[in-house]
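For reference, the structure discussed in these notes is given below.
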Amino acid sequence: MTDWLFNTFGIYFIRPWAWLLLIPVVLLFIWQTSKKNYQSSWSNLIDDHLLQWILPNTDDKQKKPLRNFLLLAFWLLVVTALSGPSWNKLPQPIYSSNDANVLVLDLSSSMDAQDIAPSRLARAKFKLYDLLQQVAEGNSALIVYAGDAFILSPLTSDEKTIENLIRPLETELMPIKGSQPQRGIEKAIELLENANQVTGNIIWVTDGAETSQLETISNLISNTNFQLKILAAGTDEGAPIKMPGGRFLKDSSGNIVVPKLNYSQLAEFANSNTAILTAITADNTDISILSANNLSPLDNNYQKEDIFADNWHDSGYWLILLMLPIVIYSFKNKNVLAVLLLSVALYSPYQSTQASVTDKLFLNKDQQALKQYKQGEFSEAESKFKDQHWKAIAAYKNGDYAAASNYLSQAQSADELYNLGNALALAGDYQTAIDSYQKAIDLDNEHQDAIFNKKVIEDLLQQQEQENPSEQEQEQEQQQEQNEQEQQEQQDQQNQQQQDSQQQNEEQEEQQEKSPEQQLKELSEQEKQQELEQWLKKISDDPGRLIRNKMKLEYNRRGYRSQPSKTW
39 MTDWLFNTFG
49 IYFIRPWAWL
59 LLIPVVLLFI
69 WQTSKKNYQS
79 SWSNLIDDHL
89 LQWILPNTDD
99 KQKKPLRNFL
109 LLAFWLLVVT
119 ALSGPSWNKL
129 PQPIYSSNDA
139 NVLVLDLSSS
149 MDAQDIAPSR
159 LARAKFKLYD
169 LLQQVAEGNS
179 ALIVYAGDAF
189 ILSPLTSDEK
199 TIENLIRPLE
209 TELMPIKGSQ
219 PQRGIEKAIE
229 LLENANQVTG
239 NIIWVTDGAE
249 TSQLETISNL
259 ISNTNFQLKI
269 LAAGTDEGAP
279 IKMPGGRFLK
289 DSSGNIVVPK
299 LNYSQLAEFA
309 NSNTAILTAI
319 TADNTDISIL
329 SANNLSPLDN
339 NYQKEDIFAD
349 NWHDSGYWLI
359 LLMLPIVIYS
369 FKNKNVLAVL
379 LLSVALYSPY
389 QSTQASVTDK
399 LFLNKDQQAL
409 KQYKQGEFSE
419 AESKFKDQHW
429 KAIAAYKNGD
439 YAAASNYLSQ
449 AQSADELYNL
459 GNALALAGDY
469 QTAIDSYQKA
479 IDLDNEHQDA
489 IFNKKVIEDL
499 LQQQEQENPS
509 EQEQEQEQQQ
519 EQNEQEQQEQ
529 QDQQNQQQQD
539 SQQQNEEQEE
549 QQEKSPEQQL
559 KELSEQEKQQ
569 ELEQWLKKIS
579 DDPGRLIRNK
589 MKLEYNRRGY
599 RSQPSKTW
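If you want it as structure tokens, here you go:
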């Protein structure tokens, strides 16, 4: 209805439901008409000079038409203003939180100690889940370290991505043992500075560090405006490190290693560097401490996005000028004044806020979709967005990677092709994902994310191609052995048909010798693709393996790190 009015008359009502408030005027008109008829019936029986003493308010008949007209006009103006008349749209900038929180998680072997149940690492991961819920607004990143540090996720506003990366983390995934926290803090500072963050929080989850390492961290932090927050895992008593197979980790002298948390050392370090320190607690006290004072001043806390939402400009306030004469008259007439006060009470809440429930009901599709997207309702937002790019983002956030890849099928830029490759890879279409990554690299040969993801998928496909032929050869050898046994039994039982059997066996042997290559060639493209997808799906069910491969490739690429003397 509102769209038809705009197309026909060039006017759009933001809150068309407000016209329902004219119903009381209609009822009032009916009541006034019935009252007039009632008085007319008495006037037929009683003289006018006597009727004024019997029926009230019969002496101001001359004033009633003007007063009723003013009441009707004022109410109509209020309802029109409340309905939100608009003639044009104005672009509204969208702001997002500029908070940045970099999680630096210790994955050294000492985090497997069980002095806090079920283990230091398990408890730390639970706390990180809770912390992400507290600092959900803004951007978060994840860095892990042992003998070296690795960025698992750059700054992102999607906390679900960070949670999914935290879930499979284990100490055994690290490509090099040891504990080098200063490298993790260094990576965090580098990440924040590359993102042009003036302020930010580095949340360090650890069970301790050497004195020399703390001094290095102190020097790194002192040159920045970033806030360091420390979550200490472990106890002063410590506990042995349980290894796979049930044995305990031992040092070079054969003694069982019992790592202990030196909390007093961390407290002294925190005091000298204005850092926030708390140990892991049974309740959420630690989370409250880490998330407290997390917001920076308002002018620094939000940044303007590159996208705009076109909102109808409410022009109802111009009708106030037409109401002013009636307002002046209302001071002489209590009835009009009462209607005025009621109208102001109805109008003011909707004029003061655009986030009311009624506004949400009457926004256009894109506005509704954007609000639902910001509220995490990705499925509903996907169905309402008209822009294919935004539809793809909503589908990707919702985990519908096949739909996201369909929306991005016309991708042109390097970033869009990279996103298309991610969606295709997660949807299981690996070869097409590689092609999409390659197109992104062709447009931007320095697109490191596309280069890395393409390398990971290619390595997985190559590994599958190497494993499948060997499995077929083993199956073929077993089949040949079984056939030879059957042939020997036939020779013993059927001596008269020995020549025929030998000839038949020779033909079978020739066919069997050709079968490995022939079977592989005779497989249809669809069957080979199905086998490839089934194998890769098994790998995708183990996200820890993908994380291990990613860190291993990065570690091998660096090539300059030396083995630490302390492996826990």
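Each residue of the sequence shown is one higher than the one before, starting from 39 at the first, in my numbering.
For glycine and all other residues, C-beta sits at the position ideal for the given N, C-alpha and C.
Quick one: residues in its chain with C-beta nearer than 6 Å to the C-beta of residue i, no 5 flanking neighbours on either side, listed in chain order?
i, result
"Pro-351", "The displayed chain sequence assigns His, not Pro, to residue 351. Hits under 6 Å: Ser-124, Asn-126, Leu-128."
"Met-212", "Leu-145, Ala-184"
"Gly-459", "Ala-471, Ser-474, Tyr-475"
"Ala-233", "Leu-193"
"Gln-406", "Lys-422"
"Leu-464", "Tyr-439"
"Arg-586", "Leu-211"
"Ala-430", "Ala-442, Tyr-445, Leu-446"
"Leu-455", "Ala-449, Ser-474, Lys-477, Ala-478"
"Met-361", "Leu-115"
Quick check on DSSP: helix, strand or coil for residue i?
i, result
"Lys-215", "coil"
"Asn-232", "helix"
"Ile-240", "strand"
"Phe-423", "coil"
"Ser-447", "coil"
"Thr-249", "helix"
"Lys-409", "helix"
"Trp-606", "coil"
"Asp-482", "coil"
"Glu-415", "coil"
"Asp-497", "helix"
"Arg-221", "helix"
"Leu-108", "helix"
"Asp-487", "helix"
"Ser-206", "Note on identity: in this sequence residue 206 is Pro, with Ser being the wrong assignment. Here Pro-206 sits in coil by DSSP."
"Thr-262", "coil"
"Gly-597", "coil"
"Asp-467", "coil"
"Leu-462", "helix"
Going by CA-CA distance only, name the one from the options that's closest to residue i.
i, options, result
"Ala-308", "Glu-275, Thr-273, Ile-259", "Ile-259"
"Ile-294", "Leu-166, Ser-302, Trp-428, Arg-285", "Arg-285"
"Ser-447", "Thr-316, Leu-462, Gly-582, Ile-227", "Leu-462"
"Ala-270", "Glu-454, Gln-172, Arg-161, Ile-189", "Arg-161"
"Leu-266", "Gln-152, Leu-58, Gly-222", "Gly-222"
"Ala-433", "Asp-425, Glu-420, Lys-424, Gln-426", "Glu-420"
"Trp-55", "Ser-121, Ser-290, Phe-67, Gly-238", "Ser-121"
"Leu-59", "Val-116, Leu-109, Trp-69, Phe-67", "Val-116"
"Val-1", "Val-494, Asp-487, Met-149", "The question about residue 1 has no answer, for the chain in this structure spans 39 to 606."
"Asp-168", "Ala-151, Trp-57, Asp-324", "Asp-324"
"Glu-484", "Gln-500, Gly-466, Asp-453", "Asp-453"
"Gly-437", "Gln-426, Ser-451, Glu-415", "Glu-415"
"Ala-226", "Gln-413, Ile-181, Lys-163", "Ile-181"
"Gly-276", "Met-361, Asp-153, Val-63", "Asp-153"
"Ile-49", "Val-140, Ser-353, Gln-413, Asp-289", "Ser-353"
"Thr-199", "Gln-218, Ser-417, Asn-349, Leu-170", "Leu-170"
"Gln-251", "Ser-217, Asp-196, Leu-357", "Ser-217"
"Asn-202", "Val-173, Glu-224, Gln-172, Leu-166", "Leu-166"
"Glu-228", "Trp-606, Leu-359, Pro-62, Val-142", "Val-142"
DSSP has residue i in a bridge; who is on the other side?
i, result
"Trp-350", "Lys-127"
"Tyr-439", "For Tyr-439, which the question treats as bridged, DSSP gives no partner whatsoever."
"Thr-194", "Ser-178"
"Tyr-50", "Ser-124"
What residues in its chain sit with their C-beta under 8 Å from that of residue i, if we drop five residues either side in the sequence?
i, result
"Glu-208", "Leu-145, Leu-159, Gly-582"
"Tyr-593", "Asp-186, Phe-188, Pro-213, Ile-214, Arg-599"
"Ile-577", "Note that Ile-577 has pLDDT 47, beneath the 50 cutoff, so the model's placement of it is unreliable and the number below is only indicative. Same-chain partners within the cutoff: Leu-498, Arg-583, Leu-584."
"Ala-138", "Gly-176, Asn-177, Ser-178, Ala-179, Leu-193, Leu-230, Ala-233, Gln-235, Thr-237, Gly-238, Asn-239"
"Ile-495", "Ala-463, Tyr-468, Ala-471, Ile-472, Tyr-475"
"Lys-590", "Pro-213"
"Ile-489", "Tyr-475, Ile-479"
For residue i, which residues of its own chain have a beta-carbon under 7 Å away from its beta-carbon, when the five flanking residues on both sides are left out?
i, result
"Tyr-301", "Ala-270, Asp-274, Ala-317"
Does any residue of chain C bring its CB to less than 9 Å from the CB of residue i?
i, result
"Phe-423", "Although the question refers to chain C, the structure presented lacks it and comprises just one protein chain."
- Starting from the N-terminal side, write out each stretch of the alpha helix (DSSP H) that is 4 residues or longer and does not extend beyond the segment 264-346. Whole alpha helix (DSSP H) segments, 4+ residues: 301-310, 323-329, 336-339.
- Item | Continuous alpha helix (DSSP H) assignments of at least 4 residues falling wholly in the segment 116-190 | Runs of alpha helix (DSSP H) with 4 or more residues, each lying fully within the segment 116-190, are found at 158-172, listed in chain order.
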